[in-house]
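Engineer: The opening position of the sequence shown corresponds to residue 6 in the working numbering, with each subsequent residue numbered one higher.
We treat Cβ as the ideally placed atom computed from N, Cα and C, and that holds for glycine.
Please read these numbers as outputs of a predicted model, since none were measured by experiment.
Before I ask anything, let me first share the structure, which is written out below as structure tokens.
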Amino acid sequence: MGEREGRWMELPRPELADVAREFASKHVEEARWIGLLAFGPRALSYGSPSDELELLLVAHGVGPKVKHVQGQVEQAPVSLTIVDGGIFKSDVRRGLLGELLADKLLVPYVPIFGRSYLFEREVELKERLVKELVLDLAANFQAFSLEILLDPKYFLYETINRMGRIMPLSAFMFANVLGRPSDRHRHEPSIMRGFNEALKRLVEAGWVKEEEGLIRLRARALKATRMRFLSSLALGIEKLLRGLRKYATRAATGLVRPYVLEREVFLRRFGAGAQSNPLWVLPKPDDFFFLRTKLGLRPALKEVALEEVASAIGPVGGKDDVIISEVGGSLNLVCLVTVRGELGSVKLIVKKFRSWDNLKWLSLRLWVLGAKKFTISGRERLRREYTMCRLLNELGFRVPEIYHVDLKNNTLVEEFIDGVALSELIKAFLFGEAGGEGVLEPVRRAGRVLASVHRAGIAVGDCKPENFIVEPSGRIALIDLEQASRGGDYSWDVA
Numbered sequence: 006m007g008e009r010e011g012r013w014m015e016l017p018r019p020e021l022a023d024v025a026r027e028f029a030s031k032h033v034e035e036a037r038w039i040g041l042l043a044f045g046p047r048a049l050s051y052g053s054p055s056d057e058l059e060l061l062l063v064a065h066g067v068g069p070k071v072k073h074v075q076g077q078v079e080q081a082p083v084s085l086t087i088v089d090g091g092i093f094k095s096d097v098r099r100g101l102l103g104e105l106l107a108d109k110l111l112v113p114y115v116p117i118f119g120r121s122y123l124f125e126r127e128v129e130l131k132e133r134l135v136k137e138l139v140l141d142l143a144a145n146f147q148a149f150s151l152e153i154l155l156d157p158k159y160f161l162y163e164t165i166n167r168m169g170r171i172m173p174l175s176a177f178m179f180a181n182v183l184g185r186p187s188d189r190h191r192h193e194p195s196i197m198r199g200f201n202e203a204l205k206r207l208v209e210a211g212w213v214k215e216e217e218g219l220i221r222l223r224a225r226a227l228k229a230t231r232m233r234f235l236s237s238l239a240l241g242i243e244k245l246l247r248g249l250r251k252y253a254t255r256a257a258t259g260l261v262r263p264y265v266l267e268r269e270v271f272l273r274r275f276g277a278g279a280q281s282n283p284l285w286v287l288p289k290p291d292d293f294f295f296l297r298t299k300l301g302l303r304p305a306l307k308e309v310a311l312e313e314v315a316s317a318i319g320p321v322g323g324k325d326d327v328i329i330s331e332v333g334g335s336l337n338l339v340c341l342v343t344v345r346g347e348l349g350s351v352k353l354i355v356k357k358f359r360s361w362d363n364l365k366w367l368s369l370r371l372w373v374l375g376a377k378k379f380t381i382s383g384r385e386r387l388r389r390e391y392t393m394c395r396l397l398n399e400l401g402f403r404v405p406e407i408y409h410v411d412l413k414n415n416t417l418v419e420e421f422i423d424g425v426a427l428s429e430l431i432k433a434f435l436f437g438e439a440g441g442e443g444v445l446e447p448v449r450r451a452g453r454v455l456a457s458v459h460r461a462g463i464a465v466g467d468c469k470p471e472n473f474i475v476e477p478s479g480r481i482a483l484i485d486l487e488q489a490s491r492g493g494d495y496s497w498d499v500a
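This is the structure:
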């Protein structure tokens with residue numbers, strides 16, 4: 006091996022830039038360059054010395070608009086994709102080529118020429134992708150989306166997840182730079198720099214807000230989803246296909262080549278057993294998706310082990326025994342869960358909020374009964390239970406503490422409040438099993454609690470004696486707040 010070849014094998018940054026400039030200038034004069042970057046296994050040193058150096062050159066007046074060339078510099082292989090500046094900008098701003106070029110800005114790259122231009126395009130791309138995810142969250146979770154808290158890394162890994170599902174070959178590129186903890190330690194900061202700048206711009210534009218390092222959607226995102234139509238998706242796909250046909254046919258092999266190389270490198274790094282799905286080696290977007298609960302921030306798209314919740318609440322100890330019994334619920338499945346261990350036991354209420362939107366007879370029946378604003382959407386009832394319990398708790402009312410929310414399964418884990426339902430006391434009085442004073446005083450206290458709730462600007466919605474619990478101390482607790490809302494119909498509560 007000669008001296009110059011040895012220097013190439015190590016490929017320090019100054020020499021990488023020299024090689025890239027020398028090769029690119031053979032195909033496009035430097036006066037027309039806008040941006041030049043190196044990317045992939047060779048440039049980022051996770052490949053082998055024999056891997057080709059991959060370059061992307063954005064330039065003015067390129068013909069054809071996208072082309073791919075290969076060659077050598079000092080007997081080392083180099084692969085160069087050349088793209089017209091207008092086409093590249095369109096791929097960044099609206100995915101003209103399905104981000105087959107722009108996605109190089111989603112992974113670490115080495116800027117060789119036009120550093121500020123490349124970073125601006127990177128932020129522009131990430132801002133668009135983050136905004137699309139924000140609008141998608143608002144559309145999927147509706148009003149509940151305003152309660153969700155997101156680690157900024159959610160946008161990185163959700164973007165990767167979606168791109169990897171649409172074009173599986175692209176997943177290897179992301180897995181190579183983020184698949185191992187050491188990879189993430191090295192590459193995440195540089196990738197997140199662009200995402201953080203994009204989020205900063207979306208904060209300034211009023212789409213999201215930042216809370217203690219986490220991201221929360223704002224009402225503007227929810228309003229914007231009402232103006233989106235399915236036709237826009239079809240139009241986007243049509244534009245993508247048209248762009249690919251018009252500009253990328255001749256360069257198709259060159260555009261796909263980097264992904265093929267990434268797959269080869271991935272198999273060398275992770276072994277053949279990992280090839281079935283490279284996304285498996287990456288963190289899951291669900292790991293960065295939270296709701297606040299009594300137990301702190303909890304992942305809101307995951308099922309939870311009830312023993313884990315019980316242990317966080319009180320001493321249970323080993324050898325957990327879980328007893329589950331159904332305790333009623335008309336629109337929901339409601340279970341009392343008792344977790345018993347060597348050190349004690351903890352009781353929990355688990356609610357699964359079923360959706361009844363498609364049962365028109367139920368909506369009609371509720372309307373006939375007078376419940377004109379009765380909410381039958383499972384997700385909306387879950388949201389109200391979650392938000393109203395948290396709000397009323399903050400205002401000093403006795404309501405169940407929320408321990409965990411699973412938005413995938415519309416399930417909520419909350420505190421079991423020990424006591425007697427007001428309806429049971431009334432029933433005992435009517436059957437002569439209890440004296441009047443033992444019932445009237447709890448009824449008066451329940452009335453005062455309801456009046457205080459109304460003064461706080463909240464209507465209970467489903468106000469019935471079963472939803473008032475008289476604790477052993479005599480304190481009145483409110484449960485089943487899935488129909489509660491701000492500024493609702495107070496008269497319905499006392500009807």
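1) With three or more C-beta pairs closer than 8 Å as the rule, is the segment 258-274 touching the segment 50-57?
2) Could you give the first and the last residue of the continuous beta strand (DSSP E) run that contains Val-286?
3) Take the Cβ of Glu-419 as the centre, count every other Cβ of all protein chains shown within 10 Å, and call the residue buried at 16 or more, exposed below.
4) How many Å lie between Phe-275 and Trp-285 at the Cα?
5) Grab the span of the beta strand (DSSP E) containing Pro-304 for me, first residue to last.
6) In angstroms, rounded to a whole number, what distance separates the CA positions of Arg-388 and Ser-95?
7) Looking only at its chain, what residues have a beta carbon closer than 6 Å to the beta carbon of Leu-134, apart from the 5 residues adjacent to it on each side?
8) Helix, strand or coil for Leu-296? Go by DSSP, reduced to three states.
9) So the beta strand (DSSP E) Asp-411 belongs to, where does it begin and stop?
10) Which term fits Pro-186, buried or exposed, when burial requires 16 or more other beta carbons within 10 angstroms of its beta carbon?
11) Taking Cβ positions, are Val-112 and Ala-43 nearer each other than 9 Å?
12) Quick one: what's got a C-beta closer than 7 Å to Ser-195's C-beta in the same chain, skipping five residues either side?
13) Drop a sphere of 10 angstroms on the beta-carbon of Val-499, count the other beta-carbons inside from all chains shown, and report buried for 16 or more, exposed for fewer.
14) Skipping 5 residues on each side, what residues in its chain have a beta carbon closer than 6 Å to that of Leu-338?
15) Quick check on the DSSP output: what are the complete beta strand (DSSP E) runs of length 3 or more inside the segment 385-438, in order along the chain?
16) Using 8 Å as the cut-off, can you tell me whether the segment 428-441 makes contact with the segment 451-463, which would need three or more C-beta pairs spanning the two stretches below that distance?
17) Leaving out the 5 sequence neighbours to the left and right, which residues in its chain are closer than 6 Å to Thr-416 when beta-carbon positions are compared?
18) With 16 other CB atoms within 10 Å as the buried threshold, where does Pro-320 fall?
19) What is the rounded straight-line gap between the Cα of Val-448 and the Cα of Asp-494?
20) Helix, strand or coil for Trp-372, going by three-state DSSP, please let me know.
21) List in chain order: all unbroken alpha helix (DSSP H) runs of 4+ residues lying wholly within the segment 56-139.
22) If you draw a straight line from the alpha carbon of Glu-385 to that of Ala-305, how long is it in whole angstroms?
23) Among the candidates Arg-26, Gly-346 and Leu-348, whose CA atom is the shortest distance from the CA of Arg-37?
24) Within its chain, find whatever has a CB closer than 6 Å to the CB of Lys-158; leave out the 5 residues flanking it on each side and keep chain order.
25) For Leu-311, does the count of other Cβ atoms within 10 angstroms reach 16, so buried, or fall short, so exposed?
26) In the DSSP assignment, what are the bridge partners of Val-342?
27) Once the 5 residues before and after Ile-328 are set aside, which same chain residues still bring their CB inside 6 Å of it?
28) If I follow the unbroken beta strand (DSSP E) through Ala-229, where does it start and stop?
Structural biologist: Looking at the atomic coordinates:
1) The segment 50-57 makes contact with the segment 258-274; the number of CB pairs closer than 8 Å reaches 3 or more.
2) Val-286 -> no beta strand (DSSP E), and no H or E assigned at all.
3) That one is buried.
4) Their backbone Cα atoms lie some 11 Å apart in a straight line.
5) Run containing Pro-304: 301-304, per the beta strand (DSSP E) assignment.
6) Rounded to the nearest angstrom, the two C-alpha atoms are 39 Å apart.
7) Closer than 6 Å at the Cβ level, and outside the excluded window around Leu-134, lie Thr-164.
8) For Leu-296, the three-state secondary structure derived from DSSP is strand.
9) Per DSSP, the unbroken beta strand (DSSP E) holding Asp-411 starts and ends at 407-411.
10) Pro-186 comes out exposed.
11) Inclusion of Val-112 and Ala-43 in the CB contact set at 9 Å is not warranted, their separation being larger than that value.
12) Residues of the same chain with a CB within less than 7 Å of the CB of Ser-195, apart from the 5 flanking positions on each side, are Pro-113 in chain order.
13) With fewer than 16 neighbouring CB atoms inside 10 Å of its own CB, Val-499 falls in the exposed class.
14) If we look at Leu-338 and ignore the five residues flanking it on each side, its Cβ neighbours are Lys-357.
15) As far as the segment 385-438 is concerned, its whole beta strand (DSSP E) runs of at least 3 residues are 407-411 and 416-420.
16) No: fewer than three Cβ pairs fall under 8 Å.
17) Sequence-distant partners of Thr-416 (beyond 5 residues in either direction) whose C-beta falls short of 6 Å from its own C-beta, in its chain, are Lys-357.
18) Label assigned to Pro-320: exposed.
19) Near 21 Å, if we compare the C-alpha coordinates of Asp-494 and Val-448.
20) Low confidence applies here, because Trp-372 scores a pLDDT of 45, under 50, leaving its location unreliable; read the following figure in that light. Residue state for Trp-372 is assigned as helix, using DSSP reduced to three classes.
21) As far as the segment 56-139 is concerned, its whole alpha helix (DSSP H) runs of at least 4 residues are 90-99.
22) Glu-385 and Ala-305 have their C-alpha atoms spaced approximately 15 Å apart.
23) Nearest C-alpha to Arg-37: Arg-26.
24) Only Phe-293 meet the Cβ criterion.
25) By the 10 Å Cβ count, Leu-311 comes out buried.
26) Partner(s): Ile-329 and Leu-353.
27) Once the five neighbours on either side are set aside, the close Cβ partners of Ile-328 are Thr-343.
28) It is not in any beta strand (DSSP E) - Ala-229 instead sits in the alpha helix (DSSP H) that spans 224-230.
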